[in-house]
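Per the UniProt record's numbering, residue 1 is the first one in the sequence shown, and the count goes up by one each step. Just so it is clear, CB atoms sit at the ideal spot from N, CA and C, and this is done for glycine as well. These numbers come from a predicted model, not from an experiment.
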Amino acid sequence: MLVREPDILRPSGTRRTLGRPPRGDGLGHERSARFEELYAAHLGHVTGYVRRRTGDPDDAADVISETFLVAWRRLDDVPPGEEARFYLYGVARRTLANLHRGQRRRRDLTARIGRRLAADLAAAPAPEPDRPEIGAAFRALPDADRDLLGLASWEGLDNGQIASVLGVSRNAVRIRLHRARRRFARELERRGIARAPAAKPERPAPETPVPSRKVGSA
């Protein structure tokens with residue numbers, strides 16, 4: 001059965017735009033209704049996930065649209081309930097990875113051309129956040145570490161939910177997250193950002209012995 005592509009995923013110019021969820025018609029009514037429900041329930045989650053990982057609004061719109069396009073085409077694979085959000089995070093994560101690979105290739109090509117045409121010109125430095133050393137420490141981490149820490153901190157997911165997004169076991173997430181946090185802490189310390197000292201557990205007071213009473217004593 002052929003079902004038309006949702007209106008929100010139709011291209012406008014060279015980029016897809018987000019708009020109204022699809023309306024069902026004919027044999028595709030049930031499918032369209034399910035997609036519309038999925039879109040309404042999780043657009044905000046996916047938008048937040050993507051916008052925190054790319055600074056370009058146009059790139060973000062492309063990734064969000066592509067994420068829901070994949071969900072539309074593979075609607076039967078989308079799990080029900082809250083698991084749908086983690087499925088969409090996984091799709092968005094892979095779409096972002098493809099975007100970043102393409103951007104890296106374009107940057108490499110631009111750099112090669114730039115070196116040939118204007119070796120004496122340097123790229124303008126990117127603006128730094130209010131705490132540049134923290135941003136620098138985070139950017140110094142491997143992509144996998146940044147992804148894990150973002151899922152835990154920005155999205156507020158627990159280990160089981162992160163495992164659903166990444167398609168790995170809960171134990172693997174626990175180990176990777178521990179290592180990512182340790183590497184981030186080392187990066188912060190290397191940049192002179194002191195961590196708050198861990199609170200030492202209080203030692204319990206010794207129990208006061210209760211004097212024994214002899215049987216028959218008054």
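Same chain only: Cβ atoms within 7 Å of valine 46, ignoring 5 sequence neighbours per side
Ile64, Thr67, Leu88, Ala92
Start-to-end residues for the alpha helix (DSSP H) that takes in isoleucine 175
170-190
Can you find at least 3 beta carbon pairs, one from the region 141-153 and one from the region 175-182, that sit closer than 8 Å?
yes
From asparagine 159 to valine 173, what distance separates their C-alpha atoms?
Going from the Cα of asparagine 159 to the Cα of valine 173 covers about 6 Å.
Nearest to valine 50 (by Cα), restricted to the options Gly81, Asp77, Thr95
Thr95
For tryptophan 72, report the span of its alpha helix (DSSP H) as first-last.
57-73
With a 10 Å radius around its C-beta and 16 neighbouring C-beta atoms as the bar for buried, classify arginine 186 as buried or exposed.
Counting Cβ neighbours within 10 Å, arginine 186 comes out exposed, since fewer than 16 surround it.
From isoleucine 134 to leucine 157, what does the alpha carbon distance come to, in whole angstroms?
22 Å
According to DSSP, is aspartate 120 helix, strand or coil?
Because aspartate 120 carries a pLDDT of 41, less than 50, the predicted location of this residue cannot be relied on, and the following value inherits that uncertainty. Aspartate 120 falls in the coil class under three-state DSSP.
With distance defined between alpha-carbon atoms, name the residue in Pro79, Phe184, Tyr39, Ala40 nearest to arginine 139.
Phe184
If you compare alpha carbons, which of Arg182, Leu148, Asp143 is closest to glycine 167?
Leu148
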